[in-house]
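This report refers to the structure that appears directly beneath it.
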Amino acid sequence: MSDLIQAVDSPEEIISAAGRLREIARQTEFSPEAVFEVFERWALALDGPGLREVPGVAFLRLWLRRSTLEPILLRELGPDSLKGGWREDGRARLRPFPLGIIGHWPAGNIEIQPMLSMTCALLGGNCCFVRVPSGLVEMTEQIMEKLAEVDRTGELMLRILMVTFDHSRADLHEAMAKSVDGAMIWGGAEAVSEVRALPFPHWARVVVFGPRLSVAAMDAGAWTDPTERSSWCRRIARDVWQFDQQACSSPQTLFLESDGGSDPREFAEDLKRAFEEENLSHPRRHLDPASTSAICLARASWLLEDARNQAWFPASPDWTILLGRGAEMPKPTQWRTLSVLLVDDLMDVISRFDGTVQTLGLGICDAHREEKLARAAGRRGVDRIVKLGSMHAFSSPWDGTDLIRPTVRLVRHVSSQG
Numbered sequence: 000m001s002d003l004i005q006a007v008d009s010p011e012e013i014i015s016a017a018g019r020l021r022e023i024a025r026q027t028e029f030s031p032e033a034v035f036e037v038f039e040r041w042a043l044a045l046d047g048p049g050l051r052e053v054p055g056v057a058f059l060r061l062w063l064r065r066s067t068l069e070p071i072l073l074r075e076l077g078p079d080s081l082k083g084g085w086r087e088d089g090r091a092r093l094r095p096f097p098l099g100i101i102g103h104w105p106a107g108n109i110e111i112q113p114m115l116s117m118t119c120a121l122l123g124g125n126c127c128f129v130r131v132p133s134g135l136v137e138m139t140e141q142i143m144e145k146l147a148e149v150d151r152t153g154e155l156m157l158r159i160l161m162v163t164f165d166h167s168r169a170d171l172h173e174a175m176a177k178s179v180d181g182a183m184i185w186g187g188a189e190a191v192s193e194v195r196a197l198p199f200p201h202w203a204r205v206v207v208f209g210p211r212l213s214v215a216a217m218d219a220g221a222w223t224d225p226t227e228r229s230s231w232c233r234r235i236a237r238d239v240w241q242f243d244q245q246a247c248s249s250p251q252t253l254f255l256e257s258d259g260g261s262d263p264r265e266f267a268e269d270l271k272r273a274f275e276e277e278n279l280s281h282p283r284r285h286l287d288p289a290s291t292s293a294i295c296l297a298r299a300s301w302l303l304e305d306a307r308n309q310a311w312f313p314a315s316p317d318w319t320i321l322l323g324r325g326a327e328m329p330k331p332t333q334w335r336t337l338s339v340l341l342v343d344d345l346m347d348v349i350s351r352f353d354g355t356v357q358t359l360g361l362g363i364c365d366a367h368r369e370e371k372l373a374r375a376a377g378r379r380g381v382d383r384i385v386k387l388g389s390m391h392a393f394s395s396p397w398d399g400t401d402l403i404r405p406t407v408r409l410v411r412h413v414s415s416q417g
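In numbering that gives the first Met the number 0, the protein residues as written are 0 to 417.
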């Protein structure tokens, strides 16, 4: 293992490493302008052999661009934040200052998440203490090597500490939690609950991105239009392929609102072609036996459950389309397995949302209808309502929460000279 990710085995190692990081946090400043410059070079460096095929790296390259991140920073912290300056607020001034050290507990199923999480804290001027899940160590090292290459002064790398240790080591999790001033926690319900229960300092600000599901929906005007249907299907395939449906923003089910006469099998055929094209462009590199079994079981169960159900899939487990009826979301299989359900009314689908739906991807022809659906979805706990094809457009707010603002303190200064 390289020096980029340290394997730790004792609380003392974590406390000592965090102490060195805290000195850097206290003694040095790194403006968003400087972060943007390094991030731009990092994005370019990731466009190379061996990394292009990694799930999520194409997304990370787009995310790191200044054109993506600067609007988020300006919206959350204001125009003067680019250079770390003060802004006028009546008779006072306001300026964001970093919390100090932000701890990151990324989920273990998204290859780019350790990097994605820490970018938000770095733009807030913080140092980052990142626990890298064991399954992501190799890939994280490859991506971080590129950052080390383009960080010409090394100032940004000094603000990043990456460690790895077994998830069962409660003593190491506790030592890490005690050492930070804030935290960004990602993952499933059990993992999130365990990390949230750690002994963080009482002043620490904790942001949680827990387990959520996402769905897609189209009205009849969109999915029955033969001139636009292929375009919509390519958008859906793009959303399904990114992150292999492992992300909270991945569509697991697509609901089609019936017009009473059109045949959804025609839509499924177009969707099949879009899936085939996407699979040629972005073939899966690896699939473990357990996931292969889950896909085969999902296919068989779907076809045996109801004689009216239909399915489209190749002989391999590369992708699956399951077509049926109903407003209830089936249990997700993931791994490019999309349930397509015909419903009489999309409002019936949304009325069943219970707060677990994060993103609703829409293809709606009627603007008035979309407004009603968006209002209903917002009331039922949906945090992001976007056009199909952009369900993974990671922007602020995310899960209804700002991304950079929680990692800074807004300091108010009223001059003593007045």
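Virtual Cβ for every residue (Gly too), placed ideally from N, Cα, C.
These numbers were taken from a predicted model, which means no experiment stands behind them.
Through-space distance from residue j to residue i, alpha-carbon basis
i, j, result
"residue 363", "residue 319", "24 Å"
"residue 268", "residue 275", "11 Å"
"residue 198", "residue 228", "52 Å"
"residue 420", "residue 222", "Outside the modelled stretch of the chain, which goes from 0 to 417, sits residue 420, for which no answer is possible."
"residue 311", "residue 278", "14 Å"
"residue 423", "residue 307", "As shown, the chain starts at 0 and ends at 417. That puts residue 423 outside it, with no answer to give."
"residue 256", "residue 20", "54 Å"
"residue 402", "residue 251", "25 Å"
"residue 103", "residue 179", "10 Å"
"residue 211", "residue 325", "21 Å"
"residue 50", "residue 191", "29 Å"
"residue 136", "residue 163", "8 Å"
"residue 253", "residue 62", "26 Å"
"residue 181", "residue 100", "7 Å"
"residue 15", "residue 361", "49 Å"
"residue 77", "residue 328", "40 Å"
"residue 129", "residue 105", "8 Å"
"residue 352", "residue 245", "20 Å"
"residue 139", "residue 44", "14 Å"
"residue 91", "residue 413", "4 Å"
"residue 166", "residue 177", "17 Å"
Exposure of residue i, with buried meaning 16 or more beta-carbon neighbours within 10 Å
i, result
"residue 82", "exposed"
"residue 203", "buried"
"residue 273", "buried"
"residue 415", "exposed"
"residue 409", "exposed"
"residue 145", "buried"
"residue 243", "buried"
"residue 296", "exposed"
"residue 0", "A caution first: residue 0 carries a pLDDT of 42, below 50, which makes its placement in the model unreliable, though a value can still be read off. Classification of residue 0: exposed, given that the 10 Å Cβ count is below 16."
"residue 109", "buried"
"residue 367", "exposed"
"residue 313", "exposed"
"residue 31", "buried"
"residue 419", "Outside the modelled stretch of the chain, which goes from 0 to 417, sits residue 419, for which no answer is possible."
"residue 7", "buried"
"residue 336", "buried"
From the options, residue whose alpha carbon lies closest to that of residue i
i, options, result
"residue 390", "111, 216, 370", "216"
"residue 75", "395, 415, 411", "395"
"residue 420", "132, 183, 259", "One cannot answer for residue 420 here, as it falls past the ends of the chain, which runs 0 to 417."
"residue 259", "251, 224, 219", "219"
"residue 230", "252, 270, 209", "270"
"residue 225", "263, 367, 50, 196", "263"
"residue 429", "413, 398, 13", "No information on residue 429 is available, as it lies outside the stretch 0 to 417 that the chain covers here."
"residue 357", "316, 371, 343, 400", "400"
"residue 115", "91, 67, 157, 88", "67"
"residue 317", "287, 328, 340", "287"
"residue 289", "329, 333, 309", "333"
"residue 141", "165, 113, 342", "113"
"residue 64", "118, 183, 261, 168", "118"
"residue 59", "129, 143, 298", "143"
Residue interval of the beta strand (DSSP E) (run including residue i)
i, result
"residue 84", "Note, residue 84: premise wrong, no beta strand (DSSP E); not H, not E."
"residue 5", "4-6"
"residue 418", "Examination of residue 418 is not possible in this model, given that the chain is present from 0 through 417 alone."
"residue 162", "159-163"
"residue 377", "Where residue 377 is concerned, there is no enclosing beta strand (DSSP E), although the alpha helix (DSSP H) it sits in stretches over 366-378."
First through last residue of the alpha helix (DSSP H) which encompasses residue i
i, result
"residue 127", "Looking at the DSSP string, residue 127 is not in any alpha helix (DSSP H); the run it does join, the beta strand (DSSP E), is 126-130."
"residue 280", "263-280"
"residue 70", "65-76"
"residue 113", "112-122"
"residue 26", "10-26"
"residue 146", "136-149"
"residue 226", "Taken as a continuous stretch (DSSP letters only), residue 226 belongs to no alpha helix (DSSP H), as it is neither H nor E."
"residue 288", "288-304"
"residue 195", "188-195"
"residue 177", "169-177"
Interface flag, residue i vs chain C, CB-CB below 9 Å
i, result
"residue 126", "As a matter of chain content, chain C is missing from the structure shown, which is built from one protein chain."
Three-pair Cβ contact test at 8 Å for the stretch 144-154 versus the stretch 37-52: The stretch 144-154, when compared against the stretch 37-52, does touch it at the 8 Å Cβ threshold.
Sufficient close CB pairs (3 or more, under 8 Å) joining the stretch 381-390 to the stretch 236-245: Taking 8 Å as the limit for Cβ pairs, the verdict is that the stretch 236-245 does touch the stretch 381-390.
At least three beta-carbon pairs within less than 8 Å, the stretch 114-125 to the stretch 89-97: Verdict: yes, contact present.
Validate contact between the stretch 364-383 and the stretch 50-57 using beta carbons, cut 8 Å, 3 pairs: Touching, no.
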